[in-house]
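One structure is given here, and the rest of the page talks about it.
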Amino acid sequence: MACLYAACERAGYNLDFVNGPENDITLYSLNSITGPSLFQEIRSADVITIVGGPHACARWDELTSIADYVVVGEGEFTLPRLLRCIEDDLPLPPGVATSTSFQAADHSVLLDGNPSFSEHKGYIEISRGCPFGCTYCQTPRIFGNKIRHRSIDSIVKLAQSFHDIRFLSPNALAYGTDGIHPEIRHMQALLRELAKMPDKDIFLGTFPGEIRPEFVSEEAVDLIARYCSNTKVHIGAQSGADSTLKKIRRGHTLSDVWNAVDHCVDAGFIPVIDIIVGFPDETDDELLKTVSFCREVSGIGYVHAHRFFSLPGTPLEGRGSRDLIPEVESALGSLALSGRLTGSWNNPEIRFFSKVPK
Ligand code: SF4
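The working numbering numbers the first residue of the sequence shown as 168 and each following residue consecutively.
Here you go:
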């Protein structure tokens with residue numbers, strides 16, 4: 168929302184935040200959990216409706232029967248062009264689907280060409296796209312499998328708006344790299360520039376820019392310790408079983424995770440480990456291995472657990488979460504009660520609704 172607000176503003180369109188359809192055009196960003204609860208409102212809206220977001224990118228062909236226009240892909244360039252076309256009655260731009268037409272987007276967004284935010288602040292997006300292909304994740308399917316980066320100059324300019332500087336990235340330690348091979352010098356150069364603003368606190372390796380385990384090296388954690396204010400480092404592990412990591416195509420091993428945990432602890436950080444339970448093909452044995460990993464790692468850090476949720480446009484689209492066996496439910500419940508495990512491991516919808524819809 169923040170970056171689309173900025174992109175539209177630059178094109179001369181000011182967006183307002185509304186609670187329902189309002190004249191003359193209302194925009195909706197849809198994810199796959201909350202999106203369906205808005206379908207009826209969009210369908211019956213007596214105004215022009217435009218939908219976008221991760222759910223719309225994957226299911227645009229279904230949504231053209233609900234909304235007037237569907238933005239398919241990145242919106243910073245497409246949305247202002249679409250607004251202009253509606254206003255001036257021009258042919259629709261690429262990247263827009265309707266019930267009668269669709270032309271795929273003809274561009275990908277250059278991050279430096281668009282600020283992450285203007286009046287309505289958002290996180291500083293330093294990188295976009297991901298070269299990995301985890302089977303449950305929409306990121307490479309929406310933003311592509313080539314990672315793009317914002318320049319240091321652009322990041323420093325955006326950082327001036329904050330006291331606490333936080334980065335949005337699929338893998339914050341991959342800044343400046345091809346996303347696969349760690350090269351810490353790029354992040355070092357960025358931090359060195361940001362540190363010239365002494366009144367700022369920098370947070371690296373925390374939400375919304377967690378890091379992949381194989382990027383966590385001794386050099387990387389030393390860099391975080393030197394320049395940043397966080398005491399915790401968030402690492403995406405996703406499973407405690409190597410066989411599951413292989414099935415979900417994570418591209419790293421459990422031993423990479425333990426190495427990352429060791430580096431964090433050695434440098435004085437508390438590791439916070441993301442895991443997902445309930446993958447469709449996960450066996451009981453793999454679930455129990457993940458539980459045993461959670462128990463062990465929660466002795467030195469924290470676990471943030473999620474329940475698998477099938478997202479459209481991913482290889483696991485349409486596959487439901489498998490049931491958790493009682494031993495797993497009870498072990499995760501105990502860890503949650505002890506305060507060492509957080510997250511929505513029993514119900515993914517809790518992340519998005521304050522009250523879970525029936
Ligand atoms: S989960 Fe992370 S590493 Fe895997 S594809 Fe998504 S963004 Fe990339």
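Note that the Cβ used here is the ideal one computed from N, Cα and C, for glycine as well.
Predicted model, so just to flag it, every value in this text is computed and none were measured.
Can you give the beta carbon distance from residue i to residue j, rounded, assuming they're within the 8 angstroms contact cut?
i: I253; j: I192; result: 7 angstroms
i: H287; j: F244; result: 19 angstroms between Cβ atoms; not a contact.
i: V388; j: H430; result: 5 angstroms
i: V237; j: V214; result: Rounded, the Cβ-Cβ distance is 16 angstroms, inconsistent with contact.
i: G376; j: S336; result: 4 angstroms
i: G343; j: H316; result: 6 angstroms
i: T372; j: C461; result: Inspection of the sequence shows that residue 372 is occupied by Gly rather than by Thr. Wrong, their Cβ atoms sit about 20 angstroms apart, outside the cutoff.
If you reduce the DSSP assignment to three classes, tell me which class residue i lands in.
i: S465; result: coil
i: G403; result: strand
i: P438; result: strand
i: L194; result: strand
i: V388; result: helix
i: A326; result: helix
i: L483; result: coil
i: H457; result: For clarity, residue 457 is Thr in the given sequence; the question names His instead. If DSSP states are grouped into helix, strand and coil, T457 belongs with the helices.
i: R379; result: coil
i: L508; result: strand
i: Y303; result: coil
i: D235; result: coil
i: I215; result: strand
i: L182; result: coil
i: A341; result: helix
i: A472; result: strand
i: V432; result: helix
i: H348; result: coil
i: S488; result: coil
i: R333; result: strand
i: I209; result: helix
i: V276; result: coil
i: E292; result: strand
i: R315; result: strand
i: F269; result: strand
i: I415; result: coil
Expressed to the nearest angstrom, what Euclidean distance is found between the alpha-carbon atoms of residue i and residue j?
i: G487; j: P479; result: 12 angstroms
i: V424; j: I440; result: 9 angstroms
i: T481; j: K399; result: 30 angstroms
i: D256; j: L250; result: 10 angstroms
i: R226; j: V263; result: 13 angstroms
i: G510; j: L483; result: 21 angstroms
i: G150; j: F284; result: There is no way to answer for residue 150, as the model of the chain reaches only from 168 to 525.
i: P524; j: F446; result: Because the pLDDT of P524 is 37, which lies under 50, any placement of that residue in the model is unreliable, and the number read from its coordinates should be weighed accordingly. Their Cα atoms are separated by approximately 23 angstroms.
i: E189; j: V239; result: 22 angstroms
i: I332; j: A392; result: 15 angstroms
i: S318; j: C304; result: 26 angstroms
i: Y172; j: P247; result: 10 angstroms
i: V432; j: F184; result: 43 angstroms
i: S410; j: E453; result: 7 angstroms
i: W512; j: V444; result: 7 angstroms
i: K313; j: P298; result: 5 angstroms
i: I467; j: P438; result: 7 angstroms
i: A472; j: S204; result: 25 angstroms
i: A174; j: L194; result: 14 angstroms
i: A272; j: N338; result: 25 angstroms
i: T231; j: G346; result: 34 angstroms
i: L499; j: E449; result: 16 angstroms
i: T216; j: D279; result: 29 angstroms
i: S417; j: T302; result: As written in the sequence, residue 417 is Arg, which differs from the Ser given in the question. If you take the alpha carbons of R417 and T302, they lie about 8 angstroms apart.
State buried or exposed for residue i, treating a residue as buried only when at least 16 other CB atoms are found within 10 Å of its CB.
i: D490; result: exposed
i: G202; result: buried
i: I291; result: buried
i: I492; result: exposed
i: H222; result: buried
i: G242; result: buried
i: Q270; result: exposed
i: P365; result: exposed
i: G220; result: buried
i: Q327; result: exposed
i: M168; result: exposed
i: P258; result: exposed
i: L508; result: buried
i: T265; result: exposed
i: A404; result: buried
i: N281; result: buried
i: R308; result: buried
i: E229; result: exposed
i: S199; result: buried
i: A362; result: exposed
i: R379; result: buried
i: A427; result: buried
i: K456; result: buried
i: H401; result: buried
I'd like to confirm something about residue i: is its beta-carbon nearer than 7 angstroms to some heavy atom of ligand 2, or not?
i: G403; result: What this structure holds is ligand 1, not ligand 2.
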